[in-house]
Amino acid sequence: MDYSRHQQQVAYNSGRQGRKLQLRKGCEVAREAQGPEPGIVSSRPARLFLALAGLFLTNALMAEFIGVKIFALEDTLGLPPFGWQLFGQSGSLSFTAGVMLWPVVFVMTDVINEYYGARGVRLVSWLAVGFISYAFVFAYLAIALAPAGWWVTVGAANGVPDMQAAFASIFGQGLWTIGGSITAFLIGQLIDVTVFHWIRRRTGERWIWLRATGSTAVSQLVDSFVVLYIAFVLGPQQWPISLFLAVGTVNYGYKLSMAIALIPLLYLARRLIGAYLGSATSEWLRAEAAGGGTSARETGLRAESR
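1398 is the number of the first residue of the sequence shown in the numbering used here; add one for each residue after it.
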């Protein structure tokens, strides 16, 4: 009886090894038929990562520069003024123009988290910090250039008597504001990726809305207050703590509401990515991301070119 079982086990192992050899041989034949291995940019997962990273970086950079403008949400929507009162402070719903783009950054963070893991998010976050710093350095250098005499008054007919002063006001954000924004952004991103995968490990592949919204809720709670604390409490304006808490709470409420409102966009992105990559590659990427993430280079070299 034992001998019979031994024979069956040997036959099973032999068959298994044979199937492995057949699969390996089939892959080699397929690679030979395809010719030389394509470059990384020929891989759909790599192209997708480049597109997502480009959109992420563009939105983050633009949000920093257009954030110098403060707009009234009520007037923009044609609504009556909404006066809030918090911590002994009062005000209206006024935000920086950058809040138009930061929600897109949140969605891009979640999508990259979902398909490229923690390493993918950390990579684009550090790149964003580097690019934003680079852009502000050259903005300050441009401000320092001596303006042409005729250019200074070229906008006088349009209500801009001094173009140099206007240019400096728009692009010359205070160093405290820049430092606070970059610091808060990086801390928020690192917290986001940690919370995202913490939730993912406990829920599996279910409830993408929960890990996306939950990670944004925690990260933006920190981001909203860190940027204000560095820029306006530690900075030269030295806001009172009551004003700091009030404005931070209003800003956080707006960001959280936008994160919830954009949940359908996250599901749309997931559907489009699945259609672009194919279900097999899409599921493989998500499995790799859940297991610790993968870099863009690894993804491009390992994934099947389509």
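Glycine residues also receive a C-beta, built at the ideal position from the N, C-alpha and C atoms.
Here the structure is a predicted model, which means the values were calculated and not measured.
On the premise that residue j lies in contact with residue i, defined as a C-beta separation below 8 Å, what is that separation, rounded to the nearest angstrom?
i: V1619; j: I1584; result: 6 Å
i: S1612; j: N1648; result: That pair is no contact at about 18 Å.
i: S1397; j: G1671; result: Past the edges of the chain, shown from 1398 to 1703, lies residue 1397, and the structure says nothing about it.
i: F1479; j: S1489; result: 7 Å
i: A1614; j: L1653; result: 6 Å
i: Q1570; j: V1465; result: 6 Å
i: R1674; j: R1441; result: A quick correction: the sequence has Leu, not Arg, at residue 1674. Correct: roughly 6 Å between the Cβ atoms.
i: D1559; j: V1549; result: 6 Å
i: V1590; j: R1519; result: 6 Å
Run the CB neighbour count on residue i, radius 10 Å, all protein chains shown included, and call it buried at 16 or more, exposed below.
i: D1507; result: buried
i: Y1531; result: exposed
i: V1521; result: buried
i: F1535; result: exposed
i: W1523; result: exposed
i: L1572; result: exposed
i: G1668; result: The sequence as given places Arg at residue 1668; Gly does not occur at that position. So R1668 counts as exposed.
i: Q1482; result: exposed
i: E1685; result: buried
Taking C-beta to C-beta, are residue i and residue j nearer than 9 Å?
i: I1509; j: L1447; result: no
i: V1624; j: R1608; result: no
i: G1704; j: H1594; result: Outside the displayed range of the chain (1398 to 1703) lies residue 1704, so it cannot be described from this structure.
i: F1528; j: F1462; result: no
i: A1656; j: F1503; result: yes
i: L1663; j: W1604; result: no
i: I1467; j: A1494; result: yes
i: T1574; j: G1632; result: yes
i: A1525; j: L1498; result: no
i: Y1512; j: L1682; result: yes
i: M1505; j: F1453; result: yes
i: I1596; j: A1565; result: no
i: Y1651; j: V1496; result: yes
i: V1630; j: I1638; result: yes
i: G1577; j: Y1626; result: yes
Helix, strand or coil for residue i? Go by DSSP, reduced to three states.
i: F1492; result: strand
i: A1545; result: coil
i: D1559; result: coil
i: L1665; result: helix
i: W1681; result: helix
i: S1639; result: helix
i: P1442; result: helix
i: Q1586; result: helix
i: Q1617; result: helix
i: L1447; result: helix
i: W1604; result: coil
i: I1670; result: helix
i: L1659; result: coil
i: V1502; result: helix
i: L1631; result: coil
i: T1550; result: coil
i: I1476; result: Ile is not the amino acid found at residue 1476; the sequence shown has Leu there. Three-state DSSP puts L1476 in coil, outside helix and strand.
i: G1527; result: helix
i: G1514; result: helix
i: G1571; result: coil
i: G1688; result: coil
i: G1576; result: helix
i: G1645; result: helix
Which one or two residues does DSSP pair with residue i in a beta bridge?
i: Q1482; result: S1487
i: F1468; result: F1492
For a cutoff of 9 Å on Cβ pairs, would you count residue i as touching chain B?
i: A1539; result: Chain labels in this structure do not include chain B; a single protein chain is all it has.
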